[in-house]
Amino acid sequence: MRMRKKSHGNERRALLSNLTVSTTEGFFEKVEEIYGNNKPLRIEIGCGKGDFIRGKSVQEPDYNYLAIEKIDDVCVLAVENYAKSRGLGDLAKNGGWERPNGEIYPLGSEPIEFTKEEMGNVRFMVGDAKMLLPNIPDNAVDAIYVNFCDPWSKKGHTKRRLTYIEFLKMYSRILVPGGTFNFKTDNRPLFDFSLEEVEKSPFTLEYHTFDLHNSEMDATNIRTEYERNFSAKGFSINMLIAKNNK
Ligand SMILES: C[S@@+](CC[C@H](N)C(=O)[O-])C[C@H]1O[C@@H](n2cnc3c(N)ncnc32)[C@H](O)[C@@H]1O
554 MRMRKKSHGN ERRALLSNLT VSTTEGFFEK VEEIYGNNKP LRIEIGCGKG DFIRGKSVQE
614 PDYNYLAIEK IDDVCVLAVE NYAKSRGLGD LAKNGGWERP NGEIYPLGSE PIEFTKEEMG
674 NVRFMVGDAK MLLPNIPDNA VDAIYVNFCD PWSKKGHTKR RLTYIEFLKM YSRILVPGGT
734 FNFKTDNRPL FDFSLEEVEK SPFTLEYHTF DLHNSEMDAT NIRTEYERNF SAKGFSINML
794 IAKNNK
């Protein structure tokens, strides 16, 4: 995702830093404290501006969600969009944050305190999944979502794809037995590659479609920003669900 540098991105993120988790270190020991409950945890890798995770957290509220995004200026938009969707306020004219009661937190203020109820069931983490996932303990996650990841089409870049076998093995390790890996892409060569990788992996393919928007799964599908863009350009959307059979 290409982004112009967000003005005051760091200070904006700092204001809403109670909605973010800075590192996987210690996170899994404190999950219950962070979310205020012990619901199963789901992860999205590459959340972009957060459309999917916002939708999913409402559609299936009996889970906690961790959205991982490697570009900090993209992640700040995801956090702000989520905060707006929870009715926690909006960007203030001065670039700070304005609570619905009119209280303004200028840039540079201390992080805004929210109650657990206000923060709901989503937290965000800035970082590269490749570096973060190895720190996640075995069997810690109920489901993993990857939506419209970079296809890394060039020869020699195969190992960077988030559906490369080594990633799938890592997903299998951190997922509970029976947990699911859920993947969507407009890119057919990447999708075909991913189906082959799943075949070699500890996962069993449960479901796949080459045309999600004309399938029975569309009724519950949450369209992401990239999904809407590619679909509008006439690309059909591929989707697979694979079950962890370790
Ligand atoms: C093409 S965008 C799709 C965004 C969103 N999922 C959607 O469907 O609208 C891919 C996003 O994944 C992020 N990303 C790519 N590789 C990642 C990785 N290894 N770890 C975390 N985020 C990653 C990128 O920074 C980018 O924001």
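Residue numbers for the sequence shown follow the numbering used here, so the first one is 554 and each next one is one higher.
Here a beta-carbon is modelled for each residue, glycine too, at the ideal position from N, C-alpha and C.
Just so you know, these numbers come straight off a predicted model, no measurement behind them.
- DSSP links residue 620 through a beta bridge to 597 and 677.
- Judged by their CB atoms, residue 678 and residue 788 are not nearer to each other than the 9 Å cut-off.
- Only exposed fits residue 773, as fewer than 16 other CB atoms lie within 10 angstroms of its CB.
- Shown here, residue 765 sits in a helix according to DSSP, grouped into three states.
- Going by DSSP, residue 574 is part of no beta strand (DSSP E) at all; its letter is neither H nor E.
- Boundaries cannot be given for residue 583, as no beta strand (DSSP E) includes it and DSSP labels it neither H nor E.
- Here residue 792 is buried, its C-beta having at least 16 other C-beta atoms within 10 Å.
- In this structure residue 561 touches residue 648 by the C-beta definition: roughly 5 Å separates them, less than 8 Å.
- Residue range 741-753 is occupied by the alpha helix (DSSP H) that includes residue 746.
- The DSSP-derived three-state label of residue 778 is helix.
- When the alpha-carbon of residue 680 is set against those of 654, 692 and 626, the nearest one is in 626.
- In the three-state scheme derived from DSSP, where H, G and I count as helix and E and B as strand, residue 717 is classed as coil.
- For residue 623, the shortest separation between its Cβ and any heavy atom of ligand 1 lies below 8 Å.
- For the pair residue 665 and residue 640, the Cα-to-Cα distance works out to about 14 Å.
- Annotation note: the segment 635-683 contains the following uninterrupted beta strand (DSSP E) runs of length 3 or greater, listed N- to C-terminal: 675-679.
- Secondary-structure assignment with DSSP links residue 796 through a beta bridge to 733 and 757.
- Relative to ligand 1, the nearest heavy atom lies less than 8 Å away from the CB of residue 682.
- Under the three-state reduction of DSSP, residue 728 is assigned to strand.
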